[in-house]
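Going by our numbering, 360 is the number at position 368 of the sequence shown; the sequence numbering is gapless.
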Amino acid sequence: MLSRPILSARDGERGFALISALLVVLLASILGATFMSAVTGERAMSSNVHIARGALLSADAGVRVTQQTMANMAKAKLDSLVGAWSGVGPIISNPQGLFPTGVITTTGTNPSFTAQAKIAFTDSSLQPTAQSYDYTYTTNATGGFGSTGSRSVQTTGVLRVSCSRGSFADFLVFTNVHLSPGGNQVWFTSNTRFDGRVHTNTEYRFAYAPQFQDLVTSVNNDAWYNNAGSPVELNADNNGSVDVPGFFGGFDRGEPAITLPANSYSQQNAALGRNPSDTTPPSNSDINNALGLGWGGSPPPTGVYVLHSGSSLNGGIYVQGNLDRMTTSLDAYGRQVYTMKQGGTTTSITVDKSTNSTRVSVGASSTDYTGVPLGVAYVKGTVSDLRGPDRVGGSPPPAIARDTQLLLAATGDIVIQRDLTYEGYPNSQNVFGIYSSGGSVRVGGTAPDNMNLDAFVMATGAAGSFTVDGYGSGSSRGTFNLRGGMVESYYGAFGTFNSTTGQQATGYGRTFMYDRRGIIPPYYPVTNRFTANAPSARTLAWREL
């Protein structure tokens, strides 16, 4: 009888395949379980990291909120103290008491944090034009996230509380008295378009629809309105539908007065290379010594002086006596040129900032100096003719180079006879100031129609104004375009208008636009009023607790 094996070769192969399959399934199950465990662990770890990060960010938010709370508290108190300041001594008389004793606590719910800050006064700086007070602080903040996250941080830093005198260059239009020097009424009409801050130490007069794009302020609570030729004085922003000025930046009445400077001694000292913070008049000996003259106590001779020591410049431009003409222009290389005519002598000053050099030419004689003049030209007298280049094809060439910053200050009148415009505006750093401390700034009779002036103008004589010669005669001369600002003792008239129709009759209409680049002419006068700056907190160290 024949016998057969229980398993054939094929059956063995099938069994091996089955075992292999079972092993694969088992391995896959193990790997799957391991993978799921790893994923679950990673998810848990990711969640923990997320919670911890959220808590840390919440703690940092507590630090930022506390810094802003300290800054807001300091600004509010400083604003109050500036308004009550007598004008002498420190504005913050007790800097240790500016903040509450102990700690400042802040809390938040979204994000969730609790923070405490301790502040200590360290030092102060009291200067004629600025005051600053420094504090150190330590902040401990704990942030929360979800129901389990909690992180704490500690920061130390400094907080500066400061204030500074405002500049008269902050204003587009400023009048001490809103009347003409002769006491005549001056009206803002529909031909008035001002884009900048406007202030008067008295009250305004409005006719029809003048336009103001920025804040308008006055010391008086009332204003006059034309009322179709029958003026009325109102404590209001308009006269119904008859006179409706556009106050797009607001009209604040009852504001504190701002005092004009009494003299230009600061600018005179700056031009002589002396301390511009000195507001006392230099003696003749002081002036002669600065000019390198051996004249002792006698007045220096008439002339144009560029302050120097040897071959190097060490001051500004100083003019003794009246100046017949001053022309500002650019040469073929783009360098600034000042041409000054006094009697039969013409002085040409060419300033090259790229090479830090200056050439002074008197007639056929020239002298080269190292350095450039300080940004002030001081005239102890009047300037009868200030001008830029004549128009070419109806357009004025630039008169002020793109890197020129100059204040022209004179003790007497300054008469502008031509356009004065900036090169490269607004993508330039040039600025020009015109300041008459004892007279007026006038637009002369030969000035062109539709005149253009890029400058900050200031006239602070007893009856000083920025005005137009012959403004009440002839016919309309178009528009006077000022880009900068104007400060004056009395409001100088530019033209006249028909009180019934509101149309320009003689002189210029005004289109004044404030120069918003934030560049102030060198040595431009500052106001008597301090303004609180925004306090700034700066972190010096950070650590997690």
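No residue lacks a Cβ here, since even glycine has one placed at the ideal position from N, Cα and C.
What is the rounded straight-line gap between the Cα of residue i and the Cα of residue j?
{"i": "Ile83", "j": "Thr251", "result": "18 Å"}
{"i": "Ala199", "j": "Ser256", "result": "36 Å"}
{"i": "Ala526", "j": "Ser104", "result": "27 Å"}
{"i": "Leu118", "j": "Leu398", "result": "28 Å"}
{"i": "Ala324", "j": "Leu164", "result": "33 Å"}
{"i": "Ser142", "j": "Ser116", "result": "39 Å"}
{"i": "Asn490", "j": "Ser468", "result": "12 Å"}
{"i": "Ile111", "j": "Phe91", "result": "7 Å"}
{"i": "Met564", "j": "Ser154", "result": "With the chain running from -7 to 537 in the structure shown, residue 564 is simply not present."}
{"i": "Gly221", "j": "Leu207", "result": "27 Å"}
Considering only the alpha carbon of each residue, which of the options lies closest to residue i?
{"i": "Ile408", "options": "Pro390, Gly436, Gln203, Ser210", "result": "Gly436"}
{"i": "Val538", "options": "Asn183, Asp244, Leu48", "result": "Here the chain covers residues -7 to 537 and nothing more, so residue 538 does not appear."}
{"i": "Ser290", "options": "Gln88, Ile279, Val41", "result": "Ile279"}
{"i": "Ala524", "options": "Thr413, Trp77, Gln108", "result": "Trp77"}
{"i": "Ser159", "options": "Asn176, His170, Ala122", "result": "Ala122"}
{"i": "Ser420", "options": "Lys67, Ser124, Arg509", "result": "Arg509"}
{"i": "Thr209", "options": "Val234, Glu247, Gly288", "result": "Glu247"}
Is residue j closer than 8 Å to residue i when the C-beta atoms are compared?
{"i": "Ser457", "j": "Pro173", "result": "yes"}
{"i": "Asn168", "j": "Gln146", "result": "no"}
{"i": "Thr359", "j": "Val352", "result": "yes"}
{"i": "Gly308", "j": "Leu226", "result": "no"}
{"i": "Ser481", "j": "Thr459", "result": "no"}
{"i": "Val433", "j": "Pro513", "result": "no"}
{"i": "Tyr463", "j": "Thr413", "result": "no"}
{"i": "Met450", "j": "Asn473", "result": "no"}
{"i": "Glu415", "j": "Ser144", "result": "no"}
{"i": "Leu445", "j": "Asp411", "result": "yes"}
{"i": "Gln59", "j": "Ala529", "result": "yes"}
{"i": "Ala439", "j": "Val178", "result": "no"}
{"i": "Val234", "j": "Asn219", "result": "yes"}
{"i": "Leu264", "j": "Tyr330", "result": "no"}
{"i": "Phe186", "j": "Val479", "result": "no"}
First and last residue of the beta strand (DSSP E) that includes residue i?
{"i": "Ala263", "result": "Run containing Ala263: none in the beta strand (DSSP E); it sits in the alpha helix (DSSP H), 257 to 263."}
{"i": "Ser481", "result": "468 to 482"}
{"i": "Asp244", "result": "243 to 245"}
{"i": "Gln334", "result": "328 to 334"}
{"i": "Ala497", "result": "496 to 506"}
{"i": "Thr148", "result": "141 to 159"}
{"i": "Glu536", "result": "528 to 536"}
{"i": "Ile392", "result": "No beta strand (DSSP E) holds Ile392; DSSP gives it neither H nor E."}
{"i": "His170", "result": "His170 -> no beta strand (DSSP E), and no H or E assigned at all."}
For residue i, which three-state DSSP category applies?
{"i": "Lys345", "result": "coil"}
{"i": "Phe486", "result": "coil"}
{"i": "Gln539", "result": "Because the chain in this structure spans residues -7 to 537, residue 539 falls outside the shown range and cannot be described."}
{"i": "Gly313", "result": "coil"}
{"i": "Val55", "result": "helix"}
{"i": "Asn218", "result": "coil"}
{"i": "Leu398", "result": "strand"}
{"i": "Thr106", "result": "strand"}
{"i": "Ser387", "result": "strand"}
{"i": "Gly436", "result": "coil"}
{"i": "Asp446", "result": "strand"}
{"i": "Ser72", "result": "helix"}
{"i": "Ile111", "result": "strand"}
{"i": "Asn520", "result": "strand"}
{"i": "Ile250", "result": "coil"}
{"i": "Arg45", "result": "helix"}
Return the first residue and the last residue of the alpha helix (DSSP H) that residue i is part of.
{"i": "Asp126", "result": "Counting along the chain, Asp126 falls outside any alpha helix (DSSP H), though it belongs to the beta strand (DSSP E) covering 122 to 137."}
{"i": "Leu207", "result": "Careful: Leu207 lies outside any alpha helix (DSSP H) and carries neither H nor E."}
{"i": "Asn281", "result": "276 to 283"}
Using beta carbons (cut-off 8 Å, strictly below), is residue i in contact with chain D?
{"i": "Gly241", "result": "Here chain D cannot be found, since the structure has a single protein chain."}
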